[in-house]
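Each remark here refers to the structure printed beneath this line.
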Amino acid sequence: MAEICGEELQTDHIQFSWDFIDPWWPEESRKRIAARFRQAFTEHGVSIDCTFGGNAAYAFPHLLAPDKDQRGIAFEYFKRAADLTLELGSSVMGSPAGTYSVSDSKDPGRKEELYQEMIEALFSLADYGKSVGLTQIQIEATPLLNEEPHDIEGSLRLMKSLEGSAIPIRLLLDWGHALFKPLLGEEADMGVWMKTCGPYIGAMHLQQTDGLWDEHWDFTHPEGMLTAESIKKATHEGGLDDVYQYLEIVPRYEEFSENVLDGMKRTMDYLRS
Ligand SMILES: [Fe+2]
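Each number in the numbering used here comes from the position in the sequence shown (counting from 1) with 686 added on.
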């Protein structure tokens, strides 16, 4: 993987997904595997800027789970992810924070109770992160009503609620999520997101989208609404030229590897053009 990133995709900065190393794996084995990944990326001149929850992690409701034991496990999981991050030589980790159950989502009092518990957990995670050498935590805004945060107002509320944490907690903005019209309507506008949440944005996920589904296409897809030019223009106008944007392409599981890699290469060439 390091060779693909460094030589074939010719990138020198990556965000490392927990899909490659599960933070739950037994500590000693996990450390050995992380050391091998770390060495390989170093050999290919690639910096692991940060680590992030992937598809496997996203399947769980984490800090907003209906069951208290599940929420406790989520906190422990994120602590292990902080450990993994340091093992990989990085000091920034991130993830979506959590999902309400359908029944909890219909009970405003219960939702608020869980929300406040999530805030407390994130403060505690920042305390733990600082103690092990983490420098930043990033929370991703997702395009689902039952998740926090999922819109501009909620993202701003979350970021303000987390001010004063032991290490900065920032927002990770995903193009496909921010432009998801069925949920956000008129607010599905990257300019508005950047203008409102700009100072809190720690990193971004780049994906091609049609604005109607959270597609995570590469940039060869003919129905995509984004162009390299429109991304650069919006980013510049939002004053976020210095913020790293990481490709987050999610092909179909059945897609042939050769096609996935070809699409990624062409995407990188296109975005660099
Ligand atoms: Fe994302």
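Here a beta-carbon is modelled for each residue, glycine too, at the ideal position from N, C-alpha and C. Since we're looking at a predicted model, the values are computed, not measured.
Simplified DSSP state of residue i, which is helix, strand or coil
i: residue 880; result: helix
i: residue 793; result: coil
i: residue 956; result: helix
i: residue 928; result: coil
i: residue 813; result: helix
i: residue 948; result: helix
i: residue 856; result: strand
i: residue 869; result: helix
i: residue 933; result: strand
i: residue 803; result: helix
i: residue 833; result: strand
i: residue 861; result: helix
Range covered by the beta strand (DSSP E) that runs through residue i
i: residue 706; result: Careful: residue 706 lies outside any beta strand (DSSP E) and carries neither H nor E.
i: residue 889; result: 887-892
i: residue 824; result: 822-826
Distance cut-off 6 Å: residue i Cβ against heavy atoms of ligand 1
i: residue 934; result: yes
i: residue 860; result: yes
i: residue 836; result: no
i: residue 962; result: In this structure the chain extends from 687 to 959, so residue 962 is not present and cannot be described.
Own chain, CB closer than 6 Å to residue i, minus 5 neighbours either side, in chain order
i: residue 760; result: 748 and 749
i: residue 957; result: 914
i: residue 936; result: 902
i: residue 844; result: 835
i: residue 764; result: 811
Sequence-distant residues of the same chain with beta carbon closer than 7 Å to residue i, five excluded per side
i: residue 726; result: 688
i: residue 906; result: 949, 952 and 953
i: residue 853; result: 812, 815, 816, 820, 821, 822 and 823
i: residue 661; result: Residue 661 lies beyond the stretch modelled for the chain, which goes from 687 to 959, so this question has no answer here.
i: residue 791; result: 797 and 832
i: residue 786; result: 750, 797, 800 and 832
i: residue 841; result: 827, 835, 857 and 883
i: residue 855; result: 808, 812, 823, 825 and 848
Host alpha helix (DSSP H) of residue i (start-end)
i: residue 917; result: 914-923
i: residue 839; result: 838-847
i: residue 910; result: Element bounds for residue 910: n/a, residue is neither H nor E.
8 Å Cβ shell around residue i - same chain, five flanking residues per side excluded
i: residue 818; result: 768, 769 and 772
is_contact[residue i, chain B] using C-beta, thresh 7 Å
i: residue 866; result: Within the model displayed, chain B is absent; a lone protein chain is all it includes.
Of all the beta strand (DSSP E) runs that stay within the bounds of the region 723-801, which reach a length of 3 or more residues? Segments of the beta strand (DSSP E) lying fully in the region 723-801: 733-738 and 778-781.
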